[in-house]
Each structure stands twice: as C-alpha cells, then as structure tokens.
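Residue numbers (UniProt numbering): 1 to 93.
In structure tokens form, the structure reads like this:
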C-alpha cells in the first residue's frame, strides 16, 4: 500500500538550475526532501501530504497531526521512528 505522509515545510529552495522548487519537510523530526511542483503556493510552515517525494496537497495542522497519529497506530510510519514531538500529547490515566 502506498501512503501520503503529513509533514511540515521547514525550508524551500530552487534546484536544478532554478527550475524545481524543493522543500525540506519535517516528519516528526525526520527531515526529507519533497518536490513542490504540484503545490506552487506552498510556503514554509505549511503542512503538506507527501507521497513518494512529492508534496501532493496542503492540509491544516490538526488534520496533519490526526493523520500522523493514525499512521503510528496502524504501524505504517516505517523509518520515521522518533515522532513523539509531532503527535498530540496523550493524557495519563
């Protein structure tokens, strides 16, 4: 199954002779690069869904956190291990 993972854009730069907008995206502290070619209006601090290295849509922070939490619950975060800072704090019983 292929999933889109929510992350927060930390920086944007032009690459490939200024032809491609690329972002550094944080997924719970894990930084990855993603193309912004499908989202020309994306900016630093926006939350985006990233699928195979391409940001495919913008989402609000609440939706991003809920999605990230769900993916953690079903075990679909793979190499994204240290995600506690990204997830909503759980109340202790």
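We treat Cβ as the ideally placed atom computed from N, Cα and C, and that holds for glycine. Everything numeric in this text was worked out from a predicted model, so none of it was measured.
Can you check whether the CB of residue 5 is closer than 7 Å to the CB of residue 44? no
Bounding residues of the beta strand (DSSP E) (the contiguous stretch that carries residue 4): Residue 4 -> no beta strand (DSSP E), and no H or E assigned at all.
Quick one: Cα of residue 15 to Cα of residue 60, how far? 27 Å
Quickly, what does DSSP pair residue 22 with across the bridge? List them, please. 13 and 35
Helix or strand or just coil, what does DSSP make of residue 64? helix
Same chain, Cβ closer than 6 Å to residue 7, five either side skipped, listed in chain order: 25, 26, 27 and 50
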